[in-house]
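Let me begin by presenting the structure, written as structure tokens, before commenting on it.
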Amino acid sequence: EVGALMAKASITHSYMHCWRHKTPVIYRATAQWFVGMDTQPADGAPLRERALRGVESTRFFPAWGQSRLHAMIANRPDWCISRQRNWGVPIPFFLHKETGELHPRTVELMEGVAQRVETRGIEAWFALDPAELLGDEAGQYDKISDTLDVWFDSGTTHWHVLRGSHPDGHAEGPRADLYLEGSDQHRGWFHSSLLTGCAIDGHPPYKALLTHGFAVDGQGRKMSKSVGNVVVPQEVSGKLGAEILRLWVASTDYSGELSISKEILDRVVEVYRRVRNTLRFLLANTADFDVARDAVPVEAWLDLDRYALAFTRKMAAQAEADFGRFEFHRVVQALQVFCAEDLGAFYLDILKDRLYTTAPGSTARRSAQTALWHITQTLVRLMAPVLSFTAEEAWAVMGNDAEDSVMLHTWHALPAQEGEEGLAARWELVRAVRGDALKVIETLRGEGKVGSSLQAELDLALTEDKYAALASLGEDLRFAMMTSAVRLARVESAAEESIVAHPSAHAKCDRCWHYVASVGQVAEHPTLCRRCDSNLHGDGEDRHHA
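Structure follows, in structure tokens:
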């Protein structure tokens, strides 16, 4: 109207909306209660400084959580702890009507309010007549109706919980070993607990923080009822069992999002089946073994059993370290590889001949059983935190008291042995050649020339280190290679190395299934080899290595 407006336009811009009602939110500047981050207290450092020191003294899993929380504390404003809501924990303050100051007996008055809330419930404050506490002063003060920020509520739970669980640590302020929550809690529970702990005790209420991602579907999408991709844990547990649900959680790297779908759960079922089948084999083949009566001292074990002890010790040490870092997915991976590759595809595969064909009480068989007993003790305890029901089931089968629980035991202490590193290095060479040889035999089997590896014979030309490792097994080499015969030759270079497999020309022993020249040489047992005849009716074979 006065000609002062030069232009007018409508601008579309971002504005706060209520996520539930999808309507704009009115932003008002109102008087609130704050915790000062940089206020200098009478004793000690400001809260921000204490909190930053607390972040630096805390262990984080994953490690990136430390820099994230540190940045939030370093850059945050003062903490507004008051809300204007009709529900919540009240802030029981009385303010002077003229000066706006808190009542000088505020702490005493708060104690009186607390006593009333304890007997009458949270509404006691809102229904309270100020004269009940203030007497003649009531007319000079306003009773405020503000409530506490809910993050203040959650952030002070350590005051009650930890003092209940740590009755002897009240003076210095007890600390939980671990707080764990989703990644959004760096701004929530982790954050408010840190501030209240540092304000009260001068340090965080926790020693370590663990952050996990959130469950998403197989395509990485957030679960939503409208999309129809929600996986209900109770349904998974009801259909597949709680063990599968626990194994899925433990096998997933929680530092990112946790994907779940039918296909993923099917793979978890296969992992569980492998571990359970391995455990069944171990339990079945130690059923007649009494460790107090039958155990063989480790120095008398066969070489293969000592090697199994070595790789079991290595796996257990790694798994225990991973447990200590809360990297459960690495534990599951280690157990999976241990059961499928170290045991199933190698050690137990070779061991079957010794377990099934040697005399029941022979040193060779008892050596194997002693090793299996230690492996079972180790495996059951390592799997217990994840596959709890399966571990308890196995623990009962192992002959423990009905009142006993695997959860009441620590990690199994494997027996020490000398020369373990050199022994393991030698067997790693044997294992590598064995893997290559089995591939050659598999080709022969694919051509229909042999039915199993025991029907084959091997001619191996190897360089010095491999030759020496395999030659050290002597007559037991064929058992390690799982063939009926092995012939070795030494060559100078890797280019000259070769592995040749061909069908055996000998007859098959009905008992051990080896194809050897001695089948039929014992008239009383024409379908057996001399080895099996000796194991059944004589002094038994002499094994040293495999």
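Residue numbering for the sequence shown follows my numbering, starting at 3 and increasing by one per position.
Just so you know, even glycine gets a beta-carbon here, dropped at the ideal spot from N, CA and C.
Since the model is a prediction, treat every value here as computed from it, not as a measurement.
Distance, Cα to Cα, residue i vs residue j?
i	j	result
arginine 55	tryptophan 81	18 Å
lysine 224	arginine 177	34 Å
glutamate 430	phenylalanine 330	27 Å
lysine 145	alanine 201	26 Å
glycine 175	tyrosine 143	35 Å
phenylalanine 291	leucine 284	11 Å
cysteine 534	glycine 421	33 Å
aspartate 478	valine 432	12 Å
arginine 278	threonine 392	8 Å
alanine 415	lysine 441	36 Å
serine 454	glycine 222	44 Å
valine 218	isoleucine 262	6 Å
glutamine 236	alanine 386	21 Å
isoleucine 13	aspartate 131	51 Å
glutamate 423	proline 417	15 Å
alanine 1	phenylalanine 313	Only positions 3 to 548 of the chain appear in this structure, which leaves residue 1 out of reach.
leucine 456	isoleucine 352	11 Å
threonine 380	aspartate 179	26 Å
glycine 601	leucine 49	The structure shown does not extend to residue 601, since the chain is modelled only from 3 through 548, so no value can be given for it.
glutamate 58	glutamate 110	36 Å
valine 36	serine 84	One point to set straight first is that residue 36 is phenylalanine, not valine, in the sequence displayed. Looking at the two C-alpha atoms, the distance is approximately 7 Å.
tyrosine 469	alanine 548	17 Å
phenylalanine 63	tyrosine 208	13 Å
lysine 316	valine 270	24 Å
histidine 168	aspartate 45	26 Å
leucine 475	methionine 484	13 Å
aspartate 438	proline 528	35 Å
valine 273	glutamine 338	7 Å
threonine 60	threonine 159	19 Å
tyrosine 517	glutamate 343	26 Å
tryptophan 161	alanine 210	17 Å
Name the DSSP bridge partner or partners of residue i?
i	result
valine 502	Asp461
cysteine 82	Phe36
isoleucine 13	According to DSSP, isoleucine 13 bridges with nothing at all.
valine 488	Leu460
lysine 510	Tyr517
alanine 178	Tyr208
proline 26	His19
arginine 61	Ala210
phenylalanine 96	Lys145
glutamate 183	Thr213
leucine 472	DSSP lists no partner for leucine 472.
Near residue i, which residues of its chain fall below 7 Å by C-beta distance, leaving aside the five closest residues on each side in sequence?
i	result
threonine 350	A quick correction: the sequence has leucine, not threonine, at residue 350. Excluding positions up to five away in sequence, the list reads Phe283.
leucine 267	Val238, Leu242, Ile246 and Trp250
methionine 112	Pro94
arginine 332	Asp324
alanine 53	Ile75, Leu196, Leu197 and Cys200
tyrosine 309	Leu425, Ala426 and Trp429
alanine 366	Leu304, Arg356, Thr360 and Arg545
threonine 280	Cys341, Leu345 and Gly346
alanine 473	Leu490
glycine 542	Thr360, Ala361, Ser364 and Ser536
valine 2	The displayed coordinates of the chain run from 3 to 548. Any statement about residue 2 would go beyond what the structure contains.
glutamate 499	Ala463, Leu464, Thr465 and Val493
glutamate 265	Gly220
Quick one: what's got a C-beta closer than 6 Å to residue i's C-beta in the same chain, skipping five residues either side?
i	result
valine 334	Ala252 and Ser253
alanine 519	His508
leucine 389	Glu245
methionine 39	Leu49, Arg50 and Asp80
glutamine 34	Cys82 and Ser84
Which residues in the same chain as residue i place their Cβ atom closer than 8 Å to its Cβ, once the five residues preceding and following it in sequence are excluded?
i	result
arginine 368	Phe291, Asp296, Ala297 and Val298
glycine 566	Here the chain covers residues 3 to 548 and nothing more, so residue 566 does not appear.
tryptophan 413	Ala318, Glu322, Thr380, Arg383 and Leu384
serine 147	Gln86, Pro92 and Phe128
serine 156	Gly190, Trp191, Ser194 and Ser195
valine 293	Thr372 and Trp375
leucine 150	Ile83, Ser84, Arg85, Gly90, Val91, Pro92 and Ile93
valine 524	Leu530, Arg532 and Asp535
glycine 540	none
tryptophan 515	Ser454 and Leu456
valine 232	Met225 and Ser226
Residue ranges of each beta strand (DSSP E) within the stretch 202-241, 3 or longer
Qualifying beta strand (DSSP E) stretches, in chain order: 210-214 and 217-219.
Do the stretch 69-77 and the stretch 111-118 touch if we need at least three Cβ pairs shorter than 8 Å?
Between the stretch 69-77 and the stretch 111-118 there are fewer than three inter-stretch CB-CB distances shorter than 8 Å, so the stretches are not counted as touching.
For the stretch 481-498 against the stretch 457-467, do three or more pairs of beta-carbon atoms, one drawn from each stretch, fall closer than 8 Å, so that the two count as touching?
Taking 8 Å as the limit for Cβ pairs, the verdict is that the stretch 457-467 does touch the stretch 481-498.
At what residue ranges does the stretch 273-332 contain a whole run of the beta strand (DSSP E), taking only runs of 3 or more?
The beta strand (DSSP E) runs lying completely inside the stretch 273-332 and spanning 3 residues or more number zero.
Which parts of the stretch 122-172 are runs of the alpha helix (DSSP H), unbroken and 4 residues or longer, counting only runs that do not cross its ends?
Runs found: 125-128, 133-136, 152-157 and 159-167.
Alpha helix (DSSP H) segments (min. 4 residues) lying fully within the stretch 370-426
Listed in chain order, the complete alpha helix (DSSP H) runs (minimum 4 residues) inside the stretch 370-426 are 390-399.
Is the stretch 399-412 touching the stretch 445-453, taking contact as three or more C-beta pairs under 8 Å?
Pairwise C-beta distances place the stretch 399-412 out of contact with the stretch 445-453, as fewer than three of them are shorter than 8 Å.
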